[in-house]
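So the protein lines, in turn, are chains B and C.
Under this note's numbering, think of the first position of the first sequence as 0, with each following residue one higher.
Under this note's numbering, think of the first position of the second sequence as 23, with each following residue one higher.
Yeah, the Cβ is synthetic: ideal placement off N, Cα and C, and Gly gets one too.
Just so we're clear, the structure is a prediction, and the values are computed from it rather than from any experiment.
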Amino acid sequence: MFPRPIQQASAPAQTAYKTMLPIALILWLLPLIAVAIFSIKPATDFTQGNYWGVPGSVELFNNYGQVFFNSDMPRYMLNSVLITVPTVIGAVALSAMAGFALGVYKFRSNIWVFFMFVAGNFVPFQILMVPVRDLTLDMGLYNTKTGLVLFHIAFQTGFCTLFMRNFIRALPFPLIEAARVEGVAEWRIFWFVVLPLMKPALAALAVLIFTFIWNDYFWAIVLTQGPDAQPVTAGITSFNAQYRAAYHLMSAGSIVAALPPVLMFFLMQKHFIAGLTLGAVK
Amino acid sequence: MTTAALPDTDPPKRGWYKRNEIAVTPWLFLAPAILFFAVYVIIPIFQSFSISLYDWDGLGQAEYIGLANYQELMNDRAFEVSLWNNLKWLVFYLLAIPAGLFIALFLNQTVTGIRIYKSLFFFPFVLSQVVVGLVFAWFYLPNEGLLSNMLALVGLGPVNVLGDPTWATYGIILAGLWPQTAYCMILYLTGLNAVDPEQVEAARLDGAKGWKMLWYVIIPQLKPATFIAFVVTIIGALRSFDLISIMTNGGPFGQTRVLSFYMFEKALSEYGFRMGYGAAIAVVLFLIMLVFIAYFLWSMYREEKGH
């Protein structure tokens, strides 16, 4: 193990390490802690210039209540859910199939199709912006959740296919061979042999894509406008415009907007990290 | 000879699909993904190339103007500034890799509660860039912000990071480094977990320790993690848009623009709907990215051949 386990170090070094841990963490999360504190302060603190002193009172329920019951925030959150969930299902379904095709079958153009997905996944969004916006307008899907979902599915399929294909490559191939010898149809091999083995990959991708799509901002402002279709990342800017300089509400709003992916991460941590670090070890 | 004698072993008449099952199935499975990807990713890339040769406001008739958009770019001060800022992003964003490795080394211990520390250190990565941008914009506020207030404790005057044309870009990059370092950290923590303990022990017996051990024994074994960290950091640097849009909206005096932001501004914001000019900027950004994409694919290709 590297670095050398701290248990082998001297007692003072161990104590030093254990005190440094929480201090480092607080420094690391300092900007976030500041926002959390802002979000429970009363409005009067800000008008009186008491930014960093002791809060005049704790207005946790008032501030967050404002966000939930007195703004467009719930609508934006609902939009985000309605954009994110179908995208996750669509992208995972498409890429499971594509990953199966690229991972199991040997055909001449296999690697080129694979590289097309990988390369497309690295492309800067801006090169797609004008044509995709135009296409969405032509289909009558501008400013709809569907328009956003369709694009997200297509774009995420690149990364997801890369992931799925590499995962399937690592599965025991004799299992598939055995099924073929038995005369099992190819689509049944996919459904009954490969898919059950892919559960960890499906879970990992689902949480990753959920986070990526929830946090998307660029496409939200390119393809939607207004509270009918905009997700929370774009909505928060209008929310902030509405409550300009009301830092207690703006911070509460940001925390609410950030919460779903954070919960997702802490609940599904194992899958999340497995997904992010795939390929980080040989 | 014997085949003629055994006519009933002839395979029963099978459909075209059955006969070609192995060859056709992969394409059936690929079809939906390829269709979506082609329509929304591959074809638009070529369309952007074509649009960049037109003068077009997005609604009316597009007028073919050849390379005029690109000629205009050559003399565009704002484009030059954006290009330089992209370079700053590329260089400084890569600091996430050593910083991530440093934190990973710090946290790679087995004391009580270390798992919670690891998750909390990773946590910024899960936040959306919009929230990161807001959090840092407030952190940098000249009077109300925590940074100025902390500086005041040691007797330094208030600073207005985002209002200063020289420092604003670095302030934004620092905000971007926060989640990116977390990402690199988690890659390295996973990599460190897989370092061969026997090699480490052998190197220790040979007297290697500290920096030497890290440089000659550990880092070579972390190569796959470093490669991924490099790929995601480069892509992240060239994609930077959200933070700039949230924190400064390109200002002050357009000094924090990067290509991705300038392109959006030209094509879609109040500066007029110049789709062709915007597309030309996007093409330049794409060509820069293409250098890296080619390198990434080449590395992956070698890897594939190796197997």
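Inter-residue spacing [alpha-carbon to alpha-carbon] between residue i and residue j
i, j, result
"L161 of chain B", "Q125 of chain B", "22 Å"
"F1 of chain B", "D228 of chain C", "15 Å"
"D79 of chain C", "F295 of chain C", "5 Å"
"P242 of chain C", "E85 of chain C", "55 Å"
"W38 of chain C", "L277 of chain B", "39 Å"
"I73 of chain C", "A23 of chain B", "50 Å"
"A26 of chain C", "I208 of chain B", "Because the pLDDT at A26 of chain C is just 48, under 50, the model does not fix this residue reliably, and the point stays unresolved."
"T24 of chain C", "E176 of chain B", "Bear in mind that a pLDDT of 46 at T24 of chain C, under 50, signals an unreliable position, so the model cannot answer this."
"F128 of chain C", "L214 of chain C", "11 Å"
"V46 of chain C", "F158 of chain B", "24 Å"
"Q7 of chain C", "K140 of chain C", "The structure shown does not extend to residue 7 of chain C, since chain C is modelled only from 23 through 329, so no value can be given for it."
"A302 of chain C", "D98 of chain C", "12 Å"
"T188 of chain C", "F114 of chain C", "15 Å"
"Q13 of chain B", "G135 of chain C", "14 Å"
"G64 of chain B", "F265 of chain B", "24 Å"
"W160 of chain C", "G167 of chain C", "6 Å"
Closer than 9 Å at the beta carbon, the chain B residues around residue i
i, result
"F275 of chain C", "By Cβ distance, chain B contributes nothing, its closest Cβ being about 22 Å from F275 of chain C, past 9 Å."
"R36 of chain C", "Within 9 Å Cβ-Cβ: nothing; R36 of chain C doesn't reach chain B, min ~12 Å."
"N171 of chain C", "Y50 and W51"
"S70 of chain C", "Q125, I126, L127, M128, V129 and P130"
Neighbour list for residue i in chain B, Cβ cutoff strictly below 8 Å
i, result
"L52 of chain C", "M96, A97, A100, L101 and V112"
"I73 of chain C", "V129 and P130"
"V103 of chain C", "Neighbours of V103 of chain C on chain B: none; closest Cβ ~17 Å, over 8 Å."
Environment of residue i [buried if 16+ CB atoms lie within 10 Å]
i, result
"A259 of chain C", "buried"
"A10 of chain B", "exposed"
"F172 of chain B", "exposed"
"M96 of chain C", "exposed"
"L2 of chain C", "Since the first and last residues shown for chain C are 23 and 329, residue 2 of chain C lies out of range."
"I138 of chain C", "exposed"
"I44 of chain C", "exposed"
"F59 of chain C", "buried"
"Q6 of chain B", "exposed"
"L309 of chain C", "exposed"
"V176 of chain C", "exposed"
"L28 of chain C", "In this predicted model, L28 of chain C has a pLDDT of only 48, less than 50, meaning its place in the structure is not dependable enough to derive any value."
"T223 of chain B", "buried"
"P259 of chain B", "buried"
"Q202 of chain C", "buried"
"E181 of chain B", "exposed"
"Y323 of chain C", "exposed"
Nearest residue (CA-CA) to residue i, options the options
i, options, result
"M285 of chain C", "B:F217, B:A233 and B:I235", "B:F217"
"G276 of chain C", "C:V103, C:R137, C:Y205 and C:M322", "C:V103"
"S93 of chain C", "C:E85, C:G82, C:L75 and C:L109", "Checking the displayed sequence, the identity of residue 93 of chain C turns out to be Gln instead of Ser. Ranking C:E85, C:G82, C:L75 and C:L109 by Cα distance to Q93 of chain C puts C:L75 first."
"P120 of chain C", "C:A304, C:I257 and C:T248", "C:T248"
"I250 of chain C", "C:Y317, C:W160 and C:L89", "C:Y317"
"L26 of chain B", "C:L169, C:F314 and C:F58", "C:L169"
"L290 of chain C", "C:I44, C:L81, C:L236 and C:P187", "C:L81"
"Y162 of chain C", "C:G177, C:G185 and C:F144", "C:G185"
"P146 of chain C", "C:L89, C:S70 and C:L199", "C:L199"
"R261 of chain C", "B:T145, B:L59 and B:F121", "B:F121"
"L201 of chain B", "B:A8, B:R187, B:A273 and B:L262", "B:A273"
"D218 of chain C", "C:I195, C:M235, C:F314 and C:V306", "C:M235"
"I188 of chain B", "B:L174, B:D215 and B:P21", "B:L174"
Chain C contact residues for residue i, given Cβ-Cβ distances below 7 Å
i, result
"N214 of chain B", "S150 and Q151"
"L93 of chain B", "P54, A55 and F58"
"I235 of chain B", "V152"
"A118 of chain B", "I315 and L319"
Residues of its chain near residue i, where Cβ-Cβ distance is below 7 Å and the 5 sequence neighbours each way are ignored
i, result
"Y75 of chain B", "P226, Q229, P230, V231 and G234"
"I220 of chain B", "A233"
"V152 of chain C", "D264 and I268"
"N109 of chain B", "L101"
"T83 of chain B", "F209, I212 and W213"
"F158 of chain C", "A197 and M269"
Cβ neighbours of residue i in the same chain (closer than 6 Å, five flanking residues each side left out)
i, result
"L93 of chain B", "T156"
"A97 of chain B", "T160"
"M249 of chain B", "N239 and Y242"
"Y246 of chain B", "F37 and F45"
Contact with chain E by residue i, beta-carbon distance below 8 Å
i, result
"A279 of chain B", "You won't find chain E in this structure, because its protein chains are B and C."
Own chain residues within Cβ distance below 8 Å of residue i, not counting five before or after
i, result
"R279 of chain C", "A100, V103, S104, N107, I266, G272 and E287"
Within chain C, partners of residue i - CB distance below 9 Å
i, result
"V261 of chain B", "F145, V148 and L149"
Residues that residue i contacts on chain C, provided the C-beta gap is smaller than 8 Å
i, result
"I152 of chain B", "F58"
"L81 of chain B", "Those within 8 Å of L81 of chain B in chain C number zero; the least Cβ separation is about 17 Å."
"Y104 of chain B", "I44, T47 and P48"
"V122 of chain B", "V63, I67, F308, M311 and I315"
"G157 of chain B", "F59 and V63"
Contact list for residue i against chain B, beta-carbon separation under 7 Å
i, result
"G213 of chain C", "A279 and V280"
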